[in-house]
Amino acid sequence: MTEVAIGIDLGTSNSCVAVVRGESPEVLPNAYGEGITASVVAFQDDDGVVVGNGARANVIHAPRTTVYSSKRLIGRYFFSEEVKKARAICSYEIVEGPNHSVRIKVRDREYSLPEISALILGEMRSIAESRLGHPVTKAVVTVPAYFNDNQRQATRDACRIAGLEALRIVNEPTAAALAYGFGKGLSQKVAVYDLGGGTFDISVLEIGKDVFEVLSTCGDTFLGGDDFDDRVIDLLADEFSAEHGVNLRSDPYALEKLKVAAESAKKGLSLEDEVEIRIPAVIEASDGRTLSVERRLGIAEYAGLVNDLILRTFKVCDEAMQQAGLVTRDLSGVILVGGPTRLPLIRNAVRDYFQQEPRADVDPDEVVAMGAALHAASLISSDQKAFLLDVTPLSLRIGVAGGLAETVIERNTPVPIDQTRTFTTFQDFQESVRIRVYQGESRQAAENALLGEFAFSGFARARRGDVKIEVTFEINSDGIVNVTARDPATGQKASTQIALSSGLSEEEIQEILARGSADAVAPPLPPAAATSGAAEDLDVDDLDVLPDLLPDAPSGDADAPEGGARAGLEVELDPDLADLGPRDPSGDLFAPSGTDLSAGADTTEEDPGASAPGSSRRS
Amino acid sequence: MATTFAPAELRALARLLDELDYYELLEAPRGTAGTALREAYHAASRRFHPDANRRLDPELRGTVERIARRVTEAYSVLRDPRRRRLYDEALGRGDGPRRLQLVESAATATQRTRDEREGRTPQGRRHFAQATADIARGDVAGALRSLQLALTYEPDNAQFRTRLSELRDKTR
Numbered sequence: 006m007t008e009v010a011i012g013i014d015l016g017t018s019n020s021c022v023a024v025v026r027g028e029s030p031e032v033l034p035n036a037y038g039e040g041i042t043a044s045v046v047a048f049q050d051d052d053g054v055v056v057g058n059g060a061r062a063n064v065i066h067a068p069r070t071t072v073y074s075s076k077r078l079i080g081r082y083f084f085s086e087e088v089k090k091a092r093a094i095c096s097y098e099i100v101e102g103p104n105h106s107v108r109i110k111v112r113d114r115e116y117s118l119p120e121i122s123a124l125i126l127g128e129m130r131s132i133a134e135s136r137l138g139h140p141v142t143k144a145v146v147t148v149p150a151y152f153n154d155n156q157r158q159a160t161r162d163a164c165r166i167a168g169l170e171a172l173r174i175v176n177e178p179t180a181a182a183l184a185y186g187f188g189k190g191l192s193q194k195v196a197v198y199d200l201g202g203g204t205f206d207i208s209v210l211e212i213g214k215d216v217f218e219v220l221s222t223c224g225d226t227f228l229g230g231d232d233f234d235d236r237v238i239d240l241l242a243d244e245f246s247a248e249h250g251v252n253l254r255s256d257p258y259a260l261e262k263l264k265v266a267a268e269s270a271k272k273g274l275s276l277e278d279e280v281e282i283r284i285p286a287v288i289e290a291s292d293g294r295t296l297s298v299e300r301r302l303g304i305a306e307y308a309g310l311v312n313d314l315i316l317r318t319f320k321v322c323d324e325a326m327q328q329a330g331l332v333t334r335d336l337s338g339v340i341l342v343g344g345p346t347r348l349p350l351i352r353n354a355v356r357d358y359f360q361q362e363p364r365a366d367v368d369p370d371e372v373v374a375m376g377a378a379l380h381a382a383s384l385i386s387s388d389q390k391a392f393l394l395d396v397t398p399l400s401l402r403i404g405v406a407g408g409l410a411e412t413v414i415e416r417n418t419p420v421p422i423d424q425t426r427t428f429t430t431f432q433d434f435q436e437s438v439r440i441r442v443y444q445g446e447s448r449q450a451a452e453n454a455l456l457g458e459f460a461f462s463g464f465a466r467a468r469r470g471d472v473k474i475e476v477t478f479e480i481n482s483d484g485i486v487n488v489t490a491r492d493p494a495t496g497q498k499a500s501t502q503i504a505l506s507s508g509l510s511e512e513e514i515q516e517i518l519a520r521g522s523a524d525a526v527a528p529p530l531p532p533a534a535a536t537s538g539a540a541e542d543l544d545v546d547d548l549d550v551l552p553d554l555l556p557d558a559p560s561g562d563a564d565a566p567e568g569g570a571r572a573g574l575e576v577e578l579d580p581d582l583a584d585l586g587p588r589d590p591s592g593d594l595f596a597p598s599g600t601d602l603s604a605g606a607d608t609t610e611e612d613p614g615a616s617a618p619g620s621s622r623r624s
Numbered sequence: 232m233a234t235t236f237a238p239a240e241l242r243a244l245a246r247l248l249d250e251l252d253y254y255e256l257l258e259a260p261r262g263t264a265g266t267a268l269r270e271a272y273h274a275a276s277r278r279f280h281p282d283a284n285r286r287l288d289p290e291l292r293g294t295v296e297r298i299a300r301r302v303t304e305a306y307s308v309l310r311d312p313r314r315r316r317l318y319d320e321a322l323g324r325g326d327g328p329r330r331l332q333l334v335e336s337a338a339t340a341t342q343r344t345r346d347e348r349e350g351r352t353p354q355g356r357r358h359f360a361q362a363t364a365d366i367a368r369g370d371v372a373g374a375l376r377s378l379q380l381a382l383t384y385e386p387d388n389a390q391f392r393t394r395l396s397e398l399r400d401k402t403r
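Chains as they are written, first to last, in this note's numbering: chain A, 6 to 624; chain B, 232 to 403.
Written as structure tokens, this is what we have:
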């Protein structure tokens with residue numbers, strides 16, 4: 006039997022699976038004959054788990070045990086704004102796990118986000134297997150282009166838990182462009198406007214025959230169809246509160262009914278100019294009367310509610326066009342992706358912005374999975390028919406003194422790529438450095454996403470500036486980041502690669518796998534103990550700790566001026582040095598010359614992280 | 232379609248990687264730009280991109296990925312006018328191919344701004360100082376000449392360029 010690999014679009018609201026049999030991709034429908042399956046997991050009283058459209062129906066009856074839109078939370082820290090927002094609007098319980106990770110608590114069990122995603126992936130896999138009539142073990146899985154390394158890693162972990170080998174993690178808009186342009190021998194530039202349930206991406210690509218080169222990508226991982234629904238929910242809840250003095254948002258059952266009504270109003274407005282919203286017996290008043298919601302909603306009023314959200318997408322489009330160095334008339338096609346783009350309101354706005362009619366021959370719900378299937382088929386065939394050349398959506402940065410983060414690889418740089426930077430120590434005779442890696446667009450370290458950190462020691466001890474530490478940053482074609490440190494003098498290498506501070510450790514994944522694949526109905530994860538030593542030492546509250554790395558003369562820069570490195574550093578850091586002493590909590594790393602170096606002993610606490618080989622990275 | 236390389240060739244190429252300049256790596260003549268440069272990048276990607284080499288054994292796959300990362304770097308430098316100018320200058324100095332860092336570090340940027348204020352090369356500094364003196368004396372024609380001379384030594388000095396165009400605007 007020939008090898009088969011499927012393509013899975015793992016969406017915030019819905020997921021879709023496709024395969025290539027013969028020449029062209031086809032969507033594999035679920036047992037109900039539907040092409041898309043709700044990304045909803047319902048945990049039932051009898052310990053059973055239902056995934057998909059059956060689970061969605063459960064939301065209203067069992068809001069506390071039905072998990073939806075979990076993709077919004079994957080790969081995020083518990084303290085992030087996005088998680089705070091989700092906690093305010095989700096009817097299931099979101100709790101803090103080890104290392105500031107996010108867990109979903111259902112009854113007395115806690116599930117990590119990769120486990121929830123694995124259940125959805127498992128469902129998509131079994132849909133494929135029942136349609137194909139044989140087992141499937143390989144897949145290309147898509148993610149929003151704007152996902153950072155943490156989110157991509159977590160998605161990869163989900164694949165492993167689901168027993169799927171992720172051949173590639175591909176960006177959703179890139180997959181859509183592939184489905185649109187595959188085998189057509191096109192030579193044109195296109196934009197992919199991808200408004201999903203929870204995320205917005207815009208990618209600008211140049212298609213040159215069989216090569217799909219992404220010129221730029223920009224996005225917002227917290228803007229999607231759900232936000233459109235929230236506006237309607239707010240309107241209904243506010244009006245209800247004014248009229249009856251009852252807050253529907255505080256009742257999970259009522260909130261879910263509002264959510265369903267808002268979503269169906271959105272869908273209705275894709276077809277008609279006005280819809281009727283009716284929620285009979287939405288709640289029981291204190292006097293025992295049942296109250297209902299009844300209201301008409303017209304397209305103009307709806308437009309007023311969501312107009313700023315649509316404008317926000319075009320701000321992002323401006324950025325992407327500018328990064329690609331193009332104007333709208335350079336584009337030969339605009340491809341719409343995601344359910345919300347069915348709204349005439351959005352289609353018209355997109356047409357006005359890009360000055361052209363969006364392609365009508367692409368199904369916004371299925372195009373991503375079809376592209377993923379095409380790429381999956383291409384990867385397992387001996388004769389590759391298409392090449393995806395993608396970019397990194399976010400700048401990769403390293404933490405330096407003063408709470409700053411210096412760019413090493415700019416956003417929209419093509420991948421795979423690597424860059425090596427040489428750094429020096431912050432203090433004389435320093436024994437250990439802490440290397441923090443970030444993704445984002447701010448010079449302030451704390452305003453970026455922390456991907457991980459590790460301690461590096463064992464380099465030659467010397468005066469500040471005389472020590473050289475080479476740090477190599479790699480981004481692979483899945484957009485996943487790897488960082489290693491090396492002392493060029495001793496050849497000593499940091500054996501710990503970048504350790505993700507949230508998410509699952511290798512040990513945790515092994516444990517989940519050992520419990521039985523994707524069987525999330527299993528004992529809850531043991532608390533913090535399960536994390537690896539390296540990850541445990543991390544303290545992300547410590548973000549304003551002054552890191553002990555200083556930029557040194559770049560090794561690759563041909564024209565390093567005489568004595569330039571040190572001079573340049575002082576210029577750069579003078580303003581910060583003044584308040585360095587008192588605030589510097591890494592002072593224990595500092596052993597002044599002439600005194601004995603016992604102070605350095607404190608640093609050994611951090612060292613196990615550096616000397617535990619490969620303790621926290623998984624492939 | 233993609234040309235396949237024998238494992239020995241791939242290993243040899245990986246060993247040579249640091250000795251090849253970006254043009255050689257992309258098999259593109261020195262002047263290559265625009266569409267031709269893009270096509271050279273696409274051709275190299277067809278050969279070296281990890282997607283095209285999934286069937287190799289893991290060790291060799293690692294080798295090819297290293298080449299692929301360098302190909303991307305070469306393209307990222309050569310398609311960007313500022314980076315390309317810096318790279319070409321370094322090549323022109325004849326000290327062999329060296330990788331150009333894609334983003335200059337904050338320290339280098341600060342140093343560069345400082346250098347540009349007065350000049351980075353002895354000759355550049357001398358002529359720029361002369362131009363400043365010329366302006367102080369009111370000798371505009373002399374200042375123009377001095378600035379042009381300073382720029383022949385440091386063609387990428389933004390500070391010199393700005394000064395020159397300001398002066399030209401004034402004399403118009």
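Beta carbons are placed, not taken as given, at the ideal position from N, Cα and C, and that holds for glycine.
In the structure shown, what three-state DSSP assignment does residue i receive?
i: A:A454; result: strand
i: B:G265; result: helix
i: A:R161; result: helix
i: A:C223; result: strand
i: A:D542; result: With a pLDDT of 31 at A:D542, under the threshold of 50, the predicted position of this residue should be treated as unreliable, and no value is reported.
i: A:C322; result: helix
i: A:I207; result: strand
i: A:A381; result: helix
i: A:E98; result: strand
i: A:E479; result: strand
i: B:T402; result: helix
i: A:A270; result: helix
i: A:D584; result: Here A:D584 scores only 27 on pLDDT, less than 50, and its place in the model is too uncertain to base an answer on.
i: A:G496; result: coil
i: A:V355; result: helix
i: B:D252; result: coil
Rounded to the nearest angstrom, how far is the Cβ of residue i from that of residue j, given a contact under 8 angstroms?
i: A:N63; j: A:A43; result: Contact doesn't hold; Cβ gap of about 10 angstroms is too wide.
i: A:V476; j: A:V488; result: 7 angstroms
i: A:G309; j: A:G230; result: That pair is no contact at about 18 angstroms.
i: A:S437; j: A:A460; result: 5 angstroms
i: A:I3; j: A:D256; result: Examination of residue 3 of chain A is not possible in this model, given that chain A is present from 6 through 624 alone.
i: A:L379; j: A:L169; result: Contact doesn't hold; Cβ gap of about 18 angstroms is too wide.
Straight-line CA distance for residue i to residue j?
i: A:P419; j: A:L336; result: 20 angstroms
i: A:P566; j: B:R351; result: Note that A:P566 scores 33 on pLDDT, short of 50, meaning its location in the model is unreliable and no value can be drawn from it.
i: B:A321; j: A:R491; result: 26 angstroms
i: A:G496; j: A:T427; result: 14 angstroms
i: A:Q515; j: A:A494; result: 37 angstroms
i: A:N353; j: A:R69; result: 38 angstroms
i: A:F233; j: A:P30; result: 31 angstroms
i: A:I422; j: B:E270; result: 19 angstroms
i: A:V237; j: A:F359; result: 27 angstroms
i: B:D288; j: A:R130; result: 28 angstroms
i: A:A381; j: A:A144; result: 6 angstroms
i: B:Q275; j: B:E255; result: Per the sequence shown, residue 275 of chain B should be read as Ala rather than Gln. Cα to Cα, B:A275 sits roughly 11 angstroms from B:E255.
i: A:F478; j: B:L333; result: 12 angstroms
Please say whether residue j and residue i have beta carbons closer to each other than 8 angstroms?
i: A:C21; j: A:G38; result: no
i: A:I132; j: A:L33; result: yes
i: A:I109; j: A:V148; result: no
i: A:S208; j: A:N176; result: yes
i: A:Q193; j: A:I174; result: no
Let me check one thing: in DSSP terms, what residues is residue i bridge-paired to?
i: A:S192; result: A:G213
i: A:P30; result: A:V25
i: A:G80; result: Its beta-bridge partners do not exist; DSSP assigns none.
Along the stretch 407-424 of chain A, where does the CB come closer than 7 angstroms to a CB of chain C? Name the residues. Within the model displayed, chain C is absent; protein chains A and B are what it includes.
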